[in-house]
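All remarks here apply to the structure that follows.
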Amino acid sequence: MSYNPKETEEKWQKYWEEKRLYQAEDPVPYGKPAGPKKYILVEFPYPSGDGLHVGHVRSYTALDAISRKKRMEGFNVLFPMGWDAFGLPTENYAIKKGIHPSQATEKNIFNFRRQLKSMGFSFDWSREVNTTDPKYYKWTQWIFLKLFEKGLAYQSEMPINWCPSCKIGLANEEVVGGKCERCGTPAEKKNLKQWMIKITAYADRLIEDLKELDFPEKVKTQQINWIGKSYGAEIDFKIENSEDSIKVFTTRADTLFGVTAVVLAPESPLAEKLITQENKKKAEKYIEEAKRKSDFEREEEEKEKTGVFTGSYCVNPVNGEKVPVWIGDYVVASYGGGAVMMVPAHDYRDYDFAKKYGLGIREVVSGGDILEEAFVDYGVLKNSGRFDGLSSKEAIEKITEWLQKKRLGGKKVHYKLRDWVFSRQHYWGEPIPIIHCQKCGMVPVPEKELPIELPYVEKYQPTGTGESPLSVIENWVKIKCPKCGGEAKRETDTMPNWAGSNWYYMRYCDPENDKELADKKKLEYWMPVDWYNGGMEHTTLHLLYSRFIYKFLFDIGVVPQSEPYKKRTSHGMVLAEDGRKMSKSFGNVINPDTVVNEYGADTLRLYEMFMGPFGQAIAWNTQGVRGIYRFIEKFANLFEETSKNKESSEEIQRELNKLNKKVTEDLEQMKFNTIISSFMEFVNLGLDKKEETGKDSLERALLLLSPFAPHLAEEFWQRLGKKSSIFEQKWPEFDPKMIQEKEIGLIVQVNGKMRDKIIVPFGISEDEAKKLAISSEKVKNWLEDKEIKKVIFVPDKLINIVV
RNA sequence: GGGCAAGUGGCGGAAUGGUAUACGCGGUAGUCUCAAAAACUACUAGUCGCAAGGCUGUGAGGGUUCGACUCCCUCCUUGCCCACCA
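Sequential numbering from 39 applies to the first sequence in my numbering.
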């Protein structure tokens, strides 16, 4: 064997590191005059105790290949790496192993870094960031202070999702199917004072600005749906014998005459107030039960709607009708004010509810049969007084206008997006830089005192009371108020995982800066990120929230544009050989170290590029890895047997140009699997025609292969006697003229079926092609006794004779 | 219930209006070997045929076209995301 990956790979990794080949150049006046830049970004990993996943390798290899090609094309490339290291998994891991989270983090990062380096990725390690480094989280806290200053960070007592097992509050995004995202325990509701971030203030801009971005449509629609903007009306239902009114949100103001009840969410503060004496027992018990039930349990009960009458009534503003007020658990507390107008005739849920509790069903839009089921489409109004005969569309407009005039309601826009619960009652996170003073209230920590470092403690287990472990460290909590000097206490909640990952890509532009989160000139040069690859699972979390934070920083003049990412792509998951998710409990995890030890990093890299379309989930196949290793051996053979030949034949050169074109173009479109197949075809052809293949072709093939198999490419490049690294070379250009063959196989069809393939000179005329086609023996049989009706000629491709 | 993808050999997949199944895996036979592994060579969608060759074939059905895996319509299946959002 003429190529031994084990020996070779480490050698070149060292060589590249010494040459500092992958360091990005800052713009003047900090660096050399910088040419055009490309900022290529992969989501930084969470350094877990499990080590690098082969899924990381897939997306990092892809973007590494792109970065390498861009450098060879002359771009000043920033391709950085760092660690998203705060958060629950490390804290849990530390508790389990009995070591401190900071030590666990250090150990895990060390391992991840070693693994990434063994893959030969071209990261600029001089810009490494770590979210748990006080020098880094100083600026995470600074961003929080700015949000607080602008009124976008606030505290609010609210029912939050609570995991009884982790003893921690969860963001809506962390509750999946009613269960805690991490441990799978059904989430409960618990009232706690929480820090909130007002992302809703940016809802419109987050939708609007998507238009300009090069994101997959799927990502855009998912974000739009998540924000969930809907246009409708807010309508006031005056409560009988009271000054108060119930505000309901509806997108179907046209059905207002069909209201036969108003239903409140059990959590609604109004609900309790409206319960009358005679309904007290029943209704209060109902509320208590409903509150105790988690969202999940409510869902599990086969969506059977339940409810209870409060005893109170309100007034339908459009016709003065007296309408009963109910409480029902099908009403979502956090949307639309937690109240709905119930129109059984024209809403499925209301229909079920009304049927169950014997409430009236009144048809006000014609078009369906409401004895059978609710009619939810638009139609023509009836039983609606002066609005009869209008179409639903017109009626929505007219009725809303009328309400607005009477000051009983009006147009209203609602969002599904809710403000972001930004506090965790945990140890392993950034302390929130706020001080609570008895006299002055909430006082922000003065900027010059940042960072507020996380105190090193022995006990970091959750308290379980809902308070963070920091709350028991008295000498840390107690502090003088920076405003009045009186007694005060530090905020003891910490920030969620997302806080550090919101802005990490800005820090790469200027990772050492102690005066600002990053220098403005550097941000102006590097931002926005030109290409950001990550997982679909981050679409409505990290990707949306970091866009919001970037917009906020733009508004306060810290960053140069309002969108951080120009282009977004996403990779598919790498599944285990059995088609399931890789998981320790299934025992089906593939460790990249094992593959690297056995076959080398290049084999793993090539395999992951070859295994299937980049955007698709795909199962691991151990035999497939062997197949790639065979390819590497074949390549080495080809090299050994042909590198002494001088010039390649015309055919080989043509195929090489085709390969050149394919790699250059498909790389941009992330069609890596077909690129690797083309290399295989080229090598197979070269081995078939050893005498025709020479040094010139090998050189170019190595350049083309170098982004994918950098070690192998460098090794053979240097074996050819080159004095500089292959990565200091220019990306090869292809010659379109060389791709054109002199003779081509023209397809001959009769009635659209292929009957023959004839060799003809390139650029043959229709007449000549026709003559040749008709005279073909095979074709003659199919034309016998038949009249030629029509001939379709596609130049240099095919000729179709219709008989 | 809503939204978005996708259905092609034994398997991963290629071809996005013009040779369907490239490339790889697996399989079969052979070479080498005391033997095995590895490697190499040939074959590998189904079907009829000694062969030449024919016919069928890209989830199902229909349509557009000289020509459809590809475009349009209806349906089925699978996957992902969202979901009592008024």
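Cβ coordinates follow ideal geometry from the N, Cα and C atoms, glycine included. Note that the structure is predicted; figures quoted are calculated from it, not measured.
Residues near residue i by beta carbon distance below 6 Å, same chain, minus five either side
i	result
Y269	V451
E339	With a pLDDT of 45 at E339, under the threshold of 50, the predicted position of this residue should be treated as unreliable, though the coordinate-derived value follows. Correct list: empty, nothing qualifies.
R106	S160 and P745
K728	E679 and T680
G73	N114
Rounded Cβ spacing between residue i and residue j (contact assumed at less than 8 Å)
i	j	result
A614	W658	6 Å
A433	L419	5 Å
Y570	R606	5 Å
V402	A383	7 Å
L116	Y465	Not really, about 34 Å apart at Cβ, beyond 8 Å.
P355	A328	Actually they do not touch by this definition, with Cβ atoms about 28 Å apart.
A241	K205	That pair is no contact at about 32 Å.
G732	E685	5 Å
G296	R456	Not quite, the Cβ-Cβ distance comes to about 29 Å (not below 8 Å), so this is no contact.
Residues near residue i by beta carbon distance below 8 Å, same chain, minus five either side
i	result
E195	N229, L230, K231 and Q232
T438	A271, A291, G447, G448 and K449
D834	I782, L784, F800, G801 and I802
L705	A103, I104, K107, I713 and P745
Start and end residues, alpha helix (DSSP H) containing residue i
i	result
V633	P630 to Y637
V286	No alpha helix (DSSP H) holds V286; the beta strand (DSSP E) holding it covers S283 to T288.
A309	P307 to L312
S621	Counting along the chain, S621 falls outside any alpha helix (DSSP H), and DSSP gives it neither H nor E.
W54	P43 to K57
Y667	T660 to T680
I104	V92 to M110
Residue i classed as buried or exposed, judged by whether at least 16 other C-beta atoms fall within 10 angstroms
i	result
M39	Residue confidence for M39 is low, a pLDDT of 49 falling below 50, so the modelled location carries little weight and cannot support an answer.
Q476	exposed
E250	exposed
S623	exposed
V841	exposed
E703	exposed
Q499	exposed
Q661	exposed
V361	buried
Y324	buried
I797	exposed
T577	buried
K44	exposed
V633	buried
E468	buried
Y667	buried
M792	exposed
I262	exposed
G136	exposed
N357	exposed
K311	exposed
F253	buried
First and last residue of the uninterrupted beta strand (DSSP E) at residue i
i	result
P362	K360 to G366
N263	Here N263 belongs to no beta strand (DSSP E); instead the alpha helix (DSSP H) covers E255 to I265.
K205	It is not in any beta strand (DSSP E) - K205 carries neither H nor E in the DSSP assignment.
K553	Here K553 belongs to no beta strand (DSSP E), and DSSP marks it neither H nor E.
H452	G447 to H452
Q844	The structure shown does not extend to residue 844, since the chain spans only 39 to 841, so no value can be given for it.
G270	S268 to I277
M234	E226 to I235
E246	Not the beta strand (DSSP E): E246 falls in the alpha helix (DSSP H), residues A241 to E246.
Contact set for residue i: own chain, Cβ-Cβ below 7 Å, skip 5 residues either direction
i	result
S306	A371, G376 and A377
T288	G270, A271, I273 and M379
- Item | Whole runs of the beta strand (DSSP E) within the stretch 763-804, excluding any shorter than 3 residues | At a cut-off of 3 residues, the continuous stretches assigned as beta strand (DSSP E) that sit fully inside the stretch 763-804 are 781-788 and 791-799.
- Message: I'd like the ranges of any alpha helix (DSSP H) spanning at least 4 consecutive residues and lying wholly in the stretch 115-148.
- Response: The stretch 115-148 contains these whole alpha helix (DSSP H) runs: 126-135.
- Whole runs of the alpha helix (DSSP H) within the stretch 143-203, excluding any shorter than 4 residues: Complete alpha helix (DSSP H) runs here, min 4: 172-187.
- Query: What are the uninterrupted segments assigned as beta strand (DSSP E) that are 3 or more residues long and contained completely in the stretch 467-498, given in chain order?
  - Reply: The DSSP assignment places complete beta strand (DSSP E) segments of no fewer than 3 residues inside the stretch 467-498 at 472-475 and 479-482, in order along the chain.
- Task: Output the residue ranges of the alpha helix (DSSP H) runs that lie fully inside the stretch 574-617 and measure 4 residues or longer, sorted by chain position.
- Result: Counting only runs of 4 or more, we get 580-593.
- Item | Unbroken stretches of the alpha helix (DSSP H), 4 residues or longer, contained in the stretch 685-769 | The qualifying runs are 688-706, 710-726, 733-743 and 748-757.
- Task: Let me know the beta strand (DSSP E) ranges lying completely inside the stretch 341-427, each 3 residues or longer, listed in chain order.
- Result: You should have 345-353, 360-366 and 377-380.
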